[in-house]
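For the sequence shown, the working numbering begins at 33 and goes up steadily by one. Read through the structure below, which is laid out as structure tokens, and then see the notes.
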Amino acid sequence: MDQSTLALTQFVPRPGIIDLGWGHPDPELLPVKGLREASARVLNRYGSDALAYGSPAGPGPLIEWLCDRLGEIDARSPNPDSVALSAGNSHALDLLTSLLTAPRDVVLVEGPTYHLAVRILRNHGVRVVAVPTDTHGLQVDALAQTVNAFRRRNHTVRLLYTVPTFHNPTGVSLGDARRKQLVEFAEAERIIILEDDAYRELAYDEPAPPSLWSLARRGTVVRIGTFAKSLAPGLRTGFITSDPALTTRICNWGMFASGGGISHFNSLVVAEFGVTGEYARNVDQLRSAYRERRDALLAALRDHLDARATWLSPAGGYFVWLSLLDARDAAALLPLANAEGMSYMPGTKFFVRSQKGSSSLRLAFSRYPPDELAEAIRRLGRALDR
Ligand SMILES: Cc1ncc(COP(=O)(O)O)c(C=O)c1O
Numbered sequence: 033m034d035q036s037t038l039a040l041t042q043f044v045p046r047p048g049i050i051d052l053g054w055g056h057p058d059p060e061l062l063p064v065k066g067l068r069e070a071s072a073r074v075l076n077r078y079g080s081d082a083l084a085y086g087s088p089a090g091p092g093p094l095i096e097w098l099c100d101r102l103g104e105i106d107a108r109s110p111n112p113d114s115v116a117l118s119a120g121n122s123h124a125l126d127l128l129t130s131l132l133t134a135p136r137d138v139v140l141v142e143g144p145t146y147h148l149a150v151r152i153l154r155n156h157g158v159r160v161v162a163v164p165t166d167t168h169g170l171q172v173d174a175l176a177q178t179v180n181a182f183r184r185r186n187h188t189v190r191l192l193y194t195v196p197t198f199h200n201p202t203g204v205s206l207g208d209a210r211r212k213q214l215v216e217f218a219e220a221e222r223i224i225i226l227e228d229d230a231y232r233e234l235a236y237d238e239p240a241p242p243s244l245w246s247l248a249r250r251g252t253v254v255r256i257g258t259f260a261k262s263l264a265p266g267l268r269t270g271f272i273t274s275d276p277a278l279t280t281r282i283c284n285w286g287m288f289a290s291g292g293g294i295s296h297f298n299s300l301v302v303a304e305f306g307v308t309g310e311y312a313r314n315v316d317q318l319r320s321a322y323r324e325r326r327d328a329l330l331a332a333l334r335d336h337l338d339a340r341a342t343w344l345s346p347a348g349g350y351f352v353w354l355s356l357l358d359a360r361d362a363a364a365l366l367p368l369a370n371a372e373g374m375s376y377m378p379g380t381k382f383f384v385r386s387q388k389g390s391s392s393l394r395l396a397f398s399r400y401p402p403d404e405l406a407e408a409i410r411r412l413g414r415a416l417d418r
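Structure representation (structure tokens):
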């Protein structure tokens, strides 16, 4: 049996390397004790019901608490009949691509976009097409041109996958005027927006902007959210807010009919964490820890890379997007950076056409404490000196 079959976790640290390539949480920030106690309370309270096949949309206690929470952190709270629980955003994206597209449909994404979302989309045989972004996010005018160009050639353009809030990999949030413009365009053109809202809870400077879902008429936006970033990725628990008709379609999907609700036990544990206030306290702690890390990373960039790179300062999420000056190639620099003892994700990974983004790279500040982040950037500076 090969080692990967026996490994316990996805991320395996490489000795001597501070790896800013992975968007994973620091293990120190995962609430082991709190979740152990919440799990015990769930088993005491619900007994065998906690271990039965769950109701298709997910257990009521989590849906109820989630609707209240979204009322606090978004502009609008969903009705319970518009919510279905998922196994997180990767699962939700896979499921919704199955439900909403047919092979060879055009699915639009941002350029750059979350690279693993492209992999999920491509599993469904759809054609993935990128629309350019700038420092305010997706360029909605360019989106309109792309849609028109494909429709003129009789392609079906059904879906836009977007991360409008604390984007992966750029950290940018779509501006308010563009949010409105985007929603109006999608409504007029009957394009479904699949809004990946993975980072909403991780807002460091001010509350996250209103979701596209909260701004749109019913049926235009399907928002996917996850507890991977605000609680723990290993729970594989998240949610889909859409409208009652789509929620019913999800609940009638064969996988739900056959296996019941997704992550039933874990959903009850998350609900328990939510109603006791532990979830909110955990998010507060994450915000302050990640804010400190973001600031340490940005300070180290100013100290060590000034005049050799530019970067975007994120107001939330996990990532800083860096562009090397003098057209230096980030993929070519990577072996030198590894030799100095740090790593990152080259920018080309996040573009559908891989020649783009060659001088850019993504740094994740989620996994390491401030002093190690500063050390990683010192090492990146040394790699650039070489
Ligand atoms: C934008 C985005 N969507 C989805 C995911 C994965 O979400 P989940 O762990 O809930 O499957 C990530 C994780 O890095 C992400 O950055």
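Virtual Cβ for every residue (Gly too), placed ideally from N, Cα, C.
Bridge partners - residue i, DSSP secondary structure assignment
{"i": "M377", "result": "R394"}
{"i": "A341", "result": "L356"}
{"i": "Y193", "result": "L226"}
{"i": "V160", "result": "V139"}
{"i": "I272", "result": "A116 and I256"}
{"i": "G169", "result": "D166"}
{"i": "G348", "result": "A235"}
{"i": "I50", "result": "M374"}
Expected contact under 8 Å - CB spacing of residue i and residue j to nearest Å
{"i": "T5", "j": "V302", "result": "Outside the shown range of the chain (33 to 418) lies residue 5, about which nothing can therefore be said."}
{"i": "E304", "j": "V74", "result": "5 Å"}
{"i": "I282", "j": "A116", "result": "5 Å"}
{"i": "S290", "j": "S114", "result": "Not really, about 23 Å apart at Cβ, beyond 8 Å."}
{"i": "Y236", "j": "G55", "result": "So it is not a contact: roughly 16 Å between Cβ atoms."}
{"i": "N121", "j": "A230", "result": "5 Å"}
{"i": "G143", "j": "V384", "result": "6 Å"}
{"i": "K261", "j": "E233", "result": "7 Å"}
Among the options, nearest to residue i - alpha-carbon criterion
{"i": "Y400", "options": "E238, G306, S274 and P45", "result": "P45"}
{"i": "S225", "options": "S80, T194, G203 and D208", "result": "A small correction: the amino acid at residue 225 is Ile; Ser does not occupy that position in the sequence shown. Among S80, T194, G203 and D208, the Cα nearest to that of I225 is on T194."}
{"i": "I49", "options": "M374, G251, L357 and P239", "result": "M374"}
{"i": "A363", "options": "V158, G379, F217 and G103", "result": "G379"}
{"i": "L61", "options": "D338, S320 and P346", "result": "S320"}
{"i": "E324", "options": "V307, Y350 and R340", "result": "Y350"}
{"i": "L191", "options": "T342, F217 and F198", "result": "F217"}
{"i": "E202", "options": "P63, A72 and H147", "result": "Going by the sequence as given, residue 202 is Thr instead of Glu. Selected option, being the one with the closest Cα: H147."}
{"i": "H296", "options": "S118, G103 and P57", "result": "S118"}
{"i": "G92", "options": "A415, P367 and V307", "result": "V307"}
{"i": "S243", "options": "A134, G103, N284 and L153", "result": "G103"}
{"i": "L393", "options": "P239, A331, F382 and L131", "result": "F382"}
{"i": "L395", "options": "D51, T145, R68 and A277", "result": "D51"}
{"i": "T133", "options": "T188, F397, R411 and F43", "result": "T188"}
{"i": "L344", "options": "F198, P88 and D126", "result": "F198"}
{"i": "P57", "options": "E96, R151 and L263", "result": "L263"}
{"i": "L131", "options": "H156, A331 and L416", "result": "H156"}
{"i": "G292", "options": "A415, K388, P47 and A89", "result": "A89"}
{"i": "I105", "options": "L247, A240, R418 and A341", "result": "A240"}
{"i": "S205", "options": "R222, V215 and D166", "result": "D166"}
{"i": "N370", "options": "F397, L412, G389 and S355", "result": "L412"}
Cβ-heavy atom distance, residue i to ligand 1, below 7 Å
{"i": "A122", "result": "In the sequence as displayed, the identity of residue 122 is Ser instead of Ala. Flag set: Cβ of S122 near ligand 1."}
{"i": "G66", "result": "no"}
{"i": "A162", "result": "no"}
{"i": "G55", "result": "yes"}
{"i": "P41", "result": "The question names Pro, yet the displayed sequence has Thr at residue 41. No, since every heavy atom of ligand 1 falls outside the 7 Å radius drawn around the Cβ of T41."}
{"i": "P15", "result": "Given a span of 33 to 418 for the chain in the structure shown, any question on residue 15 remains unanswerable."}
{"i": "N298", "result": "no"}
{"i": "T129", "result": "no"}
{"i": "A23", "result": "Given a span of 33 to 418 for the chain in the structure shown, any question on residue 23 remains unanswerable."}
{"i": "Y146", "result": "yes"}
{"i": "N200", "result": "yes"}
{"i": "P265", "result": "yes"}
{"i": "T197", "result": "no"}
{"i": "A359", "result": "no"}
{"i": "T258", "result": "yes"}
{"i": "G251", "result": "no"}
{"i": "A347", "result": "no"}
{"i": "G270", "result": "yes"}
{"i": "A149", "result": "yes"}
Contact with chain D by residue i, beta-carbon distance below 8 Å
{"i": "R68", "result": "The structure shown has no chain D; it contains just one protein chain."}
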